[in-house]
Amino acid sequence: MKRAASAGEIMRSERVYRTEAVVLRRADFGEADRLLTLFTVDRGKIRVLAKGARRAKSRLGGNVELYVHSSMLIAQGRNLDIVTQSETIHSFIGLRESLLQIAQASYVAELMDALTAERAPDYPLFDLLLRTFAALAETSDAELVSRSYELLLLDRLGYRPELRRCVHCRESLTPGRIFFSAPLGGTLCPTCGETRAPGMSISVDAVKALRLLLERESVLPPAVKIGAGVRREAEHALRRYVTYVLEREPRSGQFLDSLRHELLQVTGDR
Ligand SMILES: [Zn+2]
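So for the sequence shown, this note's numbering puts the first residue at 1115; every next one is plus one.
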């Protein structure tokens, strides 16, 4: 049986809210609209519609570009909420200077999107996302920013990797052979590692680098120099860990790998 909507219900259906948001993902929708995945300051991840955003004259246009931090006015819709106004707070212009930086930013955005649930407010995650994009836009060492981000993101989501003890027997690690297991959530001593994570050894220097990046809470590249070999090891260990938590390889991670491979070939040919 139908009944007339009360004034309160009409008010609620037309409710508008203002929030700060970062665009994680966007997809074309209908003729000229865009479907945006946002990470907001007070509502966590949400999906909204930006009507007419693909039209050249759209007022939303550049304010709903990928990775832009904006203040948005959003109207609650029946199915999807709709962005009605958007003003850029930070455009993080440096993120778009090279393909490699875009690829790093898309990796950061993919992890945030894939590992968070919708409408679960988490201010520290929003803050981490902003700090990471700001750091990526300003530094030439995007790699270490991404490593710090992975570690701090995993930590915040309850997957802080163990890097000081053996995850199996709980003994403190001693310099020498160390193993790293993604399914077990961190480092293993030689005895446990040989049986539980064969072939997954990691250097002491790589473990130290991971500890440093995890424990200082900043996403800015550290003052200490970290060599190329240690960077590769740290990246592989964290990629395995992220893939384990995600239950698939991050797509943008594969893109990043192939891009770097191509760049290496270009410079190698000279
Ligand atoms: Zn052990």
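The C-beta atom is built at its ideal place from N, Cα and C for all residues, glycine as well.
Determine the contact status of residue 1284 and residue 1190, defining contact as a CB-CB distance below 7 angstroms. no
Using a strict less-than 5 angstroms threshold between each residue's beta carbon and the heavy atoms of ligand 1, what residues do you get? 1280, 1282, 1283, 1303, 1306
Checking 7 angstroms against the spacing of the C-beta atoms, do residue 1206 and residue 1247 come in under that value? yes
With 16 other Cβ atoms within 10 Å as the buried cut-off, status of residue 1177: buried
Among residues of its own chain, excluding the 5 on either side of residue 1147, which ones have a beta-carbon nearer than 8 angstroms to its beta-carbon? 1163, 1164, 1165, 1166, 1167, 1168
In angstroms, rounded to a whole number, what distance separates the CA positions of residue 1265 and residue 1310? 23 angstroms
Residues sharing a beta bridge with residue 1204, DSSP: 1183
Take the Cβ of residue 1159 as the centre, count every other Cβ of all protein chains shown within 10 Å, and call the residue buried at 16 or more, exposed below. buried
CB of residue 1222 within 7 angstroms of CB of residue 1273, strictly: no
Just checking, does the segment 1318-1326 make contact with the segment 1334-1354 on the three C-beta pairs under 8 angstroms criterion? yes
Have a look at residue 1236 and residue 1271 and give me their C-alpha separation to the nearest angstrom. 10 angstroms
Classify residue 1141 as buried or exposed, calling it buried when 16 or more other Cβ atoms lie within 10 Å of its own Cβ. exposed
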